[in-house]
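*Asks:* Positions in the sequence shown are counted from 1; adding 113 to them yields the working numbering. For reference, the structure I am asking about is given below.
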Amino acid sequence: MEVSTQRPLEFNELLHVHAGLRSELTTLYELSLTLVDSVVSQNEAWRGHLNSLLQQFDFFYVIFNSHSKAEDDVILPALTTKVVCGIGELPHELEDQHEGHEKFFDDIKLHLLPLRTEKAQNIANAHKEQLKPLVEHIAMLIEQLRAKVMLHFRKEEEELLPLLLSNFSREELIDLVGRIVGERSSELMQHFITIMSKSLSANDRDVALGQIKEAARGTLFSRWLEAEAAISDHMLDKGLVDEHKCRSVVQEPSPYRCKHYQRRCEILAPCCNKYFACRVCHDEFYENVVGQIHTVNRYKIERIRCLVCKTEQPVGKSCISCKVSFSKYSCLVCRLYDDCEKRSIYHCPFCNVCRAGKNLGEDYYHCMKCNACVNVNHREHRCVEKCLES
């Protein structure tokens with residue numbers, strides 16, 4: 114039951130994201146200190162600490178930039194429109210709230226570059242203290258970034274959030290959430306869900322997901338969530354998560370059997386227990402050869418076969434036997450593999466299918482009202498509410 118006086122308790126999307134980002138930034142800061150300690154001590158695990166720091170910085174940079182872009186492109190313009198309509202003056206500090214952040218990130222990226230080289234990775238333990246001045250300076254820069262971002266979050270919660278809660282209806286706030294997540298790729302959505310899951314209580318996590326689901330109502334977002342959870346559980350059960358992240362994948366030439374997609378594997382159709390090059394090949398075979406309209410459910414495909422070594426295996430991105438990568442683009446939700454360099458494909462978490470295009474937030478976004486992916490050149494289109502909802 115919606116009661117306007119309860120709105121601050123019901124809508125905490127900004128606080129949820131901030132909690133996740135604070136946690137990830139603190140982890141980044143702690144990793145920088147750990148690296149300094151391992152470089153100046155006799156700890157031989159410093160390379161692992163270095164790689165952890167590099168991965169965490171790259172991860173935080175991506176999600177923080179996405180969050181800042183959402184505020185600059187969606188939240189602040191919406192607030193400015195309210196200002197024009199007479200709610201009062203937008204604080205000047207909010208208009209330039211992200212000024213200076215990029216400079217901090219650029220400075221850290223510049224100092225991390227020497228540590229990404231093969232020379233730095235292979236430096237002998239006896240000489241690793243040569244890195245001490247550099248890693249200490251990086252730790253100082255990350256500490257400064259942390260202080261600036263934490264202050265930025267506090268100002269947003271004290272100034273921006275009250276403006277949102279007092280001048281937007283709950284429906285308008287949910288609409289803003291829809292516009293924000295409609296610009297996020299499936300990878301970014303997974304990142305944000307992961308950081309909120311790590312930093313929030315079970316109740317707050319359910320509330321956060323509930324608000325996204327409400328913003329995406331009528332879409333297939335919930336099915337995408339279930340599919341991603343099933344994939345993660347399956348890979349954990351099989352011990353494949355770290356293996357897929359860490360091992361080097363061999364790119365081997367292989368004759369492509371599919372006329373629709375270039376790939377190094379074929380699928381086992383669960384409906385007829387036969388191997389086909391792709392689901393379209395399966396459907397065309399039954400329509401053109403057998404004379405039946407018989408389609409395979411892409412989401413129920415569980416087994417594939419490597420075309421290089423012929424190993425049968427669960428759905429994955431690379432062969433568990435010969436380690437060959439099946440394709441440049443692999444979607445484990447749709448079981449779609451494509452190695453064509455000239456074709457761009459992305460998975461929309463709201464349509465829950467793969468589509469032609471670079472990605473959400475690049476050349477497409479998902480319009481929650483139309484329930485469709487729309488080219489960014491048509492942002493000012495006339496919405497037909499839930500026109501694709503069945």
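Where a beta carbon is used, it is the ideal one built from N, C-alpha and C, also for glycine.
1) For Ile-406, I'd like the list of residues in its chain whose CB is within less than 8 angstroms of its CB, leaving aside the five on either flank, ordered along the chain.
2) Classify Ser-314: buried if its beta carbon has 16 or more other beta carbons within 10 angstroms, exposed otherwise.
3) If you reduce the DSSP assignment to three classes, tell me which class Leu-420 lands in.
4) CA-CA distance, Gln-303 and Val-466?
5) Which same chain residues, not among the five before or five after Leu-127, have their C-beta less than 6 angstroms away from its C-beta?
6) Just verifying my parser: in three-state terms, what is the DSSP assignment at Tyr-174?
7) What does DSSP give as the partner residues of Asp-510 in its beta bridges?
8) Can you give the Cα-Cα distance for Leu-244 and Arg-259, rounded to whole angstroms?
9) How long is the line joining the alpha carbons of His-265 and Leu-420, rounded to whole angstroms?
10) For Gly-404, count neighbouring Cβ atoms within 10 angstroms of its own Cβ and tell me buried if that reaches 16, exposed if not.
11) Among Phe-389, His-491, His-240 and Thr-140, which residue has its Cα nearest to the Cα of Ser-154?
12) Residues bridged to Lys-372 by DSSP?
13) Might you give, ordered along the chain, the residues of its own chain that have their beta carbon closer than 7 angstroms to the beta carbon of Val-497, omitting 5 neighbours on each side?
14) Going by beta-carbon coordinates alone, are Cys-432 and Cys-422 separated by less than 8 angstroms?
15) Determine whether the beta carbon atoms of Ser-434 and Asp-452 lie at a separation below 8 angstroms.
16) Report, in whole angstroms, the separation of the C-beta atoms of Leu-148 and His-162, which I expect to be a contact under 8 angstroms.
17) Would a C-beta distance cut-off of 8 angstroms place Ile-293 and Glu-327 closer than the cut-off?
18) Between Gly-429 and Met-309, is the Cβ-Cβ spacing less than 8 angstroms?
19) Tell me the DSSP secondary structure of Leu-322 in three-state form.
20) How many angstroms separate the CA atom of Val-363 from the CA atom of Ser-438?
*Replies:* Taking the geometry as given:
1) Tyr-399 and Glu-400
2) exposed
3) coil
4) 16 angstroms
5) Leu-274
6) helix
7) Outside the displayed range of the chain (114 to 503) lies residue 510, so it cannot be described from this structure.
8) 22 angstroms
9) 52 angstroms
10) exposed
11) His-240
12) Lys-372 pairs with nothing; no bridge assigned.
13) Cys-483
14) yes
15) no
16) 5 angstroms
17) no
18) no
19) helix
20) Because the pLDDT at Val-363 is just 38, under 50, the model does not fix this residue reliably, and the value given afterwards should be weighed accordingly. Using only the alpha carbons, I get a separation of about 6 angstroms.
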